[in-house]
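Single-structure report; data block below.
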């Protein structure tokens with residue numbers, strides 16, 4: 006208890022301001038500073054989904070009845086990381102959504118589209134379109150977090166918009182298992198409740214150190230957040246132009262970060278050993294900026310990367326012709342077909358997004374993972390599978406070997422697993 010009291014005292018007295026009468030304003034704390042600095046970049050996310058429910062014709066005879074599909078809404082949080090409207094949230098907030106709405110701090114509601122998602126990391130990037138640049142949060146670094154340092158969670162628990170809770174970093178490198186198996190998480194005692202998912206966990210400087218994602222059932226003051234470094238490392242996959250613009254750009258950028266006390270994160274965007282200073286004349290402060298610029302490119306466009314070693318020119322080109330059905334047989338050992346309304350009705354699937362596994366070959370990666378004929382694939386790797394074309398893009402991006410996340414719908418139930426290639 007003494008340790009918690011000390012941390013609270015630190016929060017109170019580490020930021021002071023003069024009151025009107027010339028005294029110290031004890032009300033103006035670090036938390037107040039952080040909230041005022043960040044509140045406009047935290048958003049509420051509402052995802053409309055379709056759920057299946059069995060309705061009995063007679064309560065005494067449950068086996069007689071019919072299956073109905075009802076709209077349901079998933080509520081969560083997110084935060085803006087790039088002025089052109091790119092938003093970070095949890096994958097489980099927007100998973101299988103038919104439509105997504107984002108409410109900004111000023112009450113404006115915008116329609117969002119999914120840029121990329123990774124179910125194994127429980128991360129997703131959305132985009133909204135706004136006529137004016139949007140406020141953003143500064144990304145911190147989670148590699149040097151200290152046990153006991155202040156942590157501030159902002160989000161929309163139970164729909165209560167822009168709620169703030171405070172605590173400390175309780176532990177690092179935690180693993181949780183359940184419907185979502187997540188590893189190497191930040192543990193915090195800042196109150197996290199349903200609806201906080203996808204919102205930022207901030208440090209005392211207002212930098213994002215984590216993405217709130219889960220709570221411990223039947224426990225108090227035990228919440229978990231995905232380290233922000235995990236998101237930063239996944240940006241090239243989550244914001245891949247090939248998955249969104251159907252174009253290929255012959256470079257893959259990375260990010261090099263260094264930290265100086267107390268919380269200064271110096272970021273360099275790298276193309277190999279060269280430091281990228283701007284792209285097409287637009288400054289890049291981090292990897293998100295770089296990929297937001299490249300996502301604007303259309304097939305045939307020339308992209309100039311100004312680096313400390315001179316200009317580098319790359320071209321955006323149409324994705325090469327590709328036969329998804331043939332690649333699915335060769336790489337995954339399955340035969341697939343498009344998910345038409347008729348097929349969706351036969352499979353009792355309340356969606357028109359994905360591809361259907363028609364046959365699974367013995368000994369194939371899908372067979373070893375437990376896949377079956379009739380499964381609907383809606384996610385492969387970090388690519389959302391909407392149709393046969395996006396399925397083909399996902400197949401092209403698969404590694405030659407390793408573990409790849411896959412999302413399927415079977416008998417109206419959604420699940421995730423891994424393919425071992």
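Numbering (the working numbering), first residue to last: 6 to 426. C-beta: ideal position from N, C-alpha, C; glycine also. Please read all numbers here as calculations on a predicted model, not as lab measurements.
Are the CB atoms of residue i and residue j nearer to each other than 8 angstroms?
i	j	result
residue 117	residue 96	no
residue 381	residue 363	no
residue 337	residue 369	yes
residue 99	residue 108	no
residue 310	residue 276	yes
residue 50	residue 82	yes
residue 48	residue 85	yes
residue 396	residue 329	yes
residue 242	residue 412	no
residue 124	residue 423	no
residue 173	residue 149	no
residue 280	residue 295	no
residue 236	residue 93	yes
residue 160	residue 217	yes
residue 291	residue 274	yes
residue 201	residue 156	no
residue 231	residue 158	no
residue 288	residue 306	no
residue 419	residue 343	no
residue 103	residue 53	yes
residue 354	residue 414	yes
residue 406	residue 385	no
residue 229	residue 179	yes
residue 164	residue 80	yes
residue 91	residue 304	no
residue 246	residue 302	yes
Quick check on residue i: does DSSP put it in helix, strand or coil?
i	result
residue 44	helix
residue 96	helix
residue 13	Interpretation of residue 13 is limited by its pLDDT of 35, a score under 50 that renders its predicted location unreliable; the figure taken from the coordinates is listed afterwards. Helix, per DSSP.
residue 351	helix
residue 79	strand
residue 262	strand
residue 142	coil
residue 109	coil
residue 342	strand
residue 383	strand
residue 216	strand
residue 242	helix
residue 164	helix
residue 399	helix
residue 84	strand
residue 122	strand
residue 176	strand
residue 152	coil
residue 251	coil
residue 428	Limits of the chain in this structure are 6 at one end and 426 at the other, which puts residue 428 out of reach.
residue 408	strand
residue 136	coil
residue 7	With a pLDDT of only 38 at residue 7, under 50, the local geometry of the prediction cannot be trusted, and the value read off the model is given with reservation. Three-state result, residue 7: helix.
residue 39	helix
residue 234	helix
residue 372	helix
Mind checking who residue i pairs with in its DSSP beta bridge?
i	result
residue 420	413
residue 54	77
residue 228	193, 220
residue 207	157, 213
residue 171	157
residue 201	According to DSSP, which records beta bridges pairwise, residue 201 is partnered with nothing at all.
residue 187	181
residue 129	94, 122
residue 116	106
residue 49	82, 108
residue 394	Partner(s): none; residue 394 has no beta bridge.
residue 362	341
residue 356	Answer is none; residue 356 lacks a bridge partner.
residue 425	408
residue 323	252
Under the criterion of a Cβ to heavy atom distance below 7 angstroms, does residue i qualify as lining the ligand ADP?
i	result
residue 28	This structure simply doesn't include the ligand ADP, nor any ligand for that matter.
Say whether chain B places a C-beta atom closer than 8 angstroms to the C-beta of residue i.
i	result
residue 338	This model lacks chain B altogether, as it is built from one protein chain only.
Next item on the list: Would you check if the segment 240-256 and the segment 393-411 touch, i.e. whether three or more CB-CB distances between them fall below 8 angstroms?
Entry: yes
Next item on the list: Decide yes or no for the touch test of the segment 129-146 against the segment 210-220: beta carbon pairs closer than 8 angstroms, at least 3 of them.
Entry: yes
Next item on the list: Please list the segments of the alpha helix (DSSP H) lying wholly inside the segment 262-321, counting only runs of 4 or more residues, in order along the chain.
Entry: 292-299
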